[in-house]
């Protein structure tokens, strides 16, 4: 917690207010103000942490339990393992400063929707996080419908079914939006209300206004007319594919303790095979050695996590790595978020726990690939703007038109699909604020409702 | 402040798989849990550590929560109480003593705690109603912890001008709080 030293405020009050009673009251105001804002600040910060955790744990809990989030790809894992075993060439590990890590660091050809520039927000994010080369990657041109993360070195020599998926990606028909496409199931609102929920009396504006009045200080993002919707593929389908993965982590058959659980010394690797169409999970644990040496800065710890993922062939081709949840002992959690079509993919991050000395003590991911379900037309951003007010209004049981949208971002969202493989679909994340400064967030489906079951999704 | 969350049962069930619903529960219960813990620990940094732990436990375990004949809040306060006990016991190892005089989770929050909660909310609303210039200085000073001279640099103003704005804001809030009947002592 931040301790706010109020000495200069006290000095100010003493110098400006002559009456001791007035001084006392002003000092009281300052202290109450400090407490109230400090608690509010903490409340927001804790909520952000909880919501990040909840978004990862609650949504997929039924399917994924503890390993939910991770989704480096399928193809990546098996292909890379196969390639690394087969290839005489050494694999180059990433060893770059954090600011160079980010999407595109590995991607020779970043995913891009043909003839459509990336959204402003993703360009901005790319400029902040990508390597210079990646940031300069030409817009448009590559229509790669198989959003496979992992080493770009993957080739089509891998023998597994999973590898074949990635090695021969189907190309997007440029006219695919005109082709027959199945209707998507409706996507539930993912974050209704965001930080909303305060019981506050609001004066309701009931004047009908065009949606663009609800945009404040942020232009509507430029978005492509359509984007692919992806289906997560099941990844490994046979036990024969497990051993190459285990060997990459230094395990062999003699370490096999129970089906797909390897134990060697204090290290363990657990791989759960495809079950009910859900992607395969991988969990690696190795209790860290006793701490020795200085604590490294967070950037280096993030770099260590990325290097670990890369070394084991699990690094998404396009990704963004961030550190969260620093522990008292200096350990951090690093989340590597895959990106599809240059957009962040919310939900299935890779997770690594890294000690203060840069040792990865836990690593979790899904071994899954993606296959395109075809391009779907997107709802124009202007038409999605009003959903923030609509959602807040619905949550509070009263009409809202006073929330100004300050940020609108196009991204991909991992969505569990009962009875079938998870679907990854484009969505708008809207962030806005009402007159009292209350912040609201909402994630809404970006696919044109005409292509969604039940109309308006 | 409403003491019962409308539609809580349905919300709790949704919160088992829906982060947004969990967020609504958090918004409703945060102040109460904070006040409950602070009442026991009387220290903001310790309170924040324990409150973080409480809500992380709630998030982790809400899937296991089963409705019986007690409200959700009883379960929540039970977690809070256990976390406070753990904290005090850990503290006991360091200091050699501990106070285990607890507010029972089933008891109502003391009047003074309820008043503090209302007052903190009122202050946040008053800040939101300050003129923009004053609001900005107050936020920078009290929320971000910047000193007046640093605020002056950031806002390209003299330190004297920033202090004058801060004083106007404090005086305005003092007047408004007095109108709301806030007792200073």
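Residue numbers (this note's numbering), protein chains in the order written: chain A, -11 to 445; chain B, 16 to 200. Ideal Cβ placement from N, Cα and C applies to all residues, glycine included. Note that the structure is a prediction, hence the values are computed from the model and not measured.
For this session: Find the residues of chain A that neighbour residue 59 (chain B), judging by a C-beta separation of less than 8 Å, and give them in chain order.
Result: -11, 23, 26 and 27
Exercise. So, using beta-carbon positions, are residue 332 (chain A) and residue 400 (chain A) closer together than 9 Å?
Worked result: yes
For this session: Answer with buried or exposed for residue 181 (chain A), where buried requires no fewer than 16 other C-beta atoms within 10 angstroms of its C-beta.
Result: Residue placement at residue 181 (chain A) is flagged as unreliable, the pLDDT there being 34, under the threshold of 50; a coordinate-derived value is accordingly withheld.
Problem set entry | Interface residues of chain A facing residue 24 (chain B) [CB-CB closer than 8 Å] | Going along chain A, no residue has its Cβ under 8 Å from residue 24 (chain B), so there is no contact; the nearest lies around 17 Å.
Exercise. When the cut-off is 9 Å and only beta carbons count, does residue 91 (chain B) lie next to chain A?
Worked result: no
Problem set entry | Exposed unless 16 or more other CB atoms sit within 10 angstroms - verdict on residue 7 (chain A) | exposed
Problem set entry | Residue nearest to residue 377 (chain A) in terms of C-alpha spacing, selected from A:429, A:409, A:221 and A:343 | A:429
Exercise. In the structure shown, what three-state DSSP assignment does residue 308 (chain A) receive?
Worked result: strand
Exercise. Is the beta carbon of residue 417 (chain A) sitting closer than 9 Å to the one on residue 435 (chain A)?
Worked result: no
For this session: Could you check the C-alpha separation between residue 37 (chain B) and residue 384 (chain A) for me, to the nearest Å?
Result: 15 Å
Exercise. Leaving out five residues before and five after residue 155 (chain B) in sequence, what residues of the same chain have Cβ atoms less than 6 Å from its Cβ?
Worked result: 161 and 166
For this session: List the endpoints of the continuous beta strand (DSSP E) containing residue 349 (chain A).
Result: 348 to 355
Problem set entry | When B:52, B:22 and B:141 are compared against residue 103 (chain B), the one with the closest alpha-carbon | B:52
For this session: Entirely within the stretch 74 to 113 of chain B and at least 4 residues each: give me those alpha helix (DSSP H) ranges in chain order.
Result: The qualifying runs are 87 to 110.
Problem set entry | As assigned by DSSP and simplified to three states, the class of residue 160 (chain B) | coil
Problem set entry | Neighbour-count burial assignment, residue 317 (chain A), 16 or more Cβ in a 10 Å radius | Exposed, since its Cβ has fewer than 16 Cβ neighbours within 10 Å.
Exercise. Could you give the residue range of the beta strand (DSSP E) that holds residue 410 (chain A)?
Worked result: 408 to 421
Problem set entry | Simplified DSSP state of residue 239 (chain A), which is helix, strand or coil | coil
Exercise. Could you check where the alpha helix (DSSP H) with residue 248 (chain A) kicks off and where it finishes?
Worked result: First-last for residue 248 (chain A): undefined, no H or E at that position.
Exercise. Residues of chain A with a CB under 7 Å from the CB of residue 181 (chain B): which are they?
Worked result: Simply 0.
For this session: With a threshold of 16 other CB atoms inside 10 Å of the CB of residue 241 (chain A), please say whether the residue is buried or exposed.
Result: By the Cβ-count criterion, residue 241 (chain A) is exposed, with fewer than 16 other Cβ atoms from all chains shown falling within 10 Å of its own Cβ.
Exercise. Which residues of chain A have a Cβ atom closer than 8 Å to the Cβ of residue 162 (chain B), listed in chain order?
Worked result: Below the 8 Å Cβ cutoff, chain A contributes -4 as neighbours of residue 162 (chain B), in chain order.
Exercise. Since residue 395 (chain A) sits in a beta bridge, which residues does DSSP pair it with?
Worked result: Among the bridge pairs identified by DSSP, residue 395 (chain A) is matched with A:419.
Problem set entry | 9 Å Cβ cutoff, residue -7 (chain A) in contact with chain B | Chain B contact via Cβ: present.
Exercise. Do residue 320 (chain A) and residue 342 (chain A) have their C-beta atoms closer together than 9 Å?
Worked result: In terms of Cβ geometry, residue 320 (chain A) and residue 342 (chain A) form a close pair [threshold 9 Å].
Problem set entry | Start and end residues, alpha helix (DSSP H) containing residue 190 (chain B) | 174 to 194
For this session: Answer with yes or no whether the minimum CB distance from residue 46 (chain B) to chain A is below 9 Å.
Result: Yes, because at least one Cβ of chain A sits closer than 9 Å to the Cβ of residue 46 (chain B).
Exercise. Using a C-beta cutoff of 9 Å, does residue 6 (chain A) count as contacting chain B?
Worked result: No, because no Cβ of chain B sits closer than 9 Å to the Cβ of residue 6 (chain A).
For this session: Take the Cβ of residue -7 (chain A) as the centre, count every other Cβ of all protein chains shown within 10 Å, and call the residue buried at 16 or more, exposed below.
Result: exposed
Problem set entry | Paired residues, beta bridge with residue 435 (chain A) - DSSP | Bridge partners of residue 435 (chain A) according to DSSP: A:366.
Problem set entry | Terminal residues of the beta strand (DSSP E) in which residue 256 (chain A) lies | 255 to 260
Problem set entry | Buried or exposed by the 16-neighbour rule on C-beta atoms within 10 Å, applied to residue 22 (chain A) | buried
Exercise. Alpha helix (DSSP H) containing residue 138 (chain B): first to last residue?
Worked result: 126 to 144
Exercise. Are there three or more Cβ pairs, one per stretch, closer than 8 Å when the stretch 365 to 381 of chain A is compared with the stretch 296 to 307 of chain A?
Worked result: no
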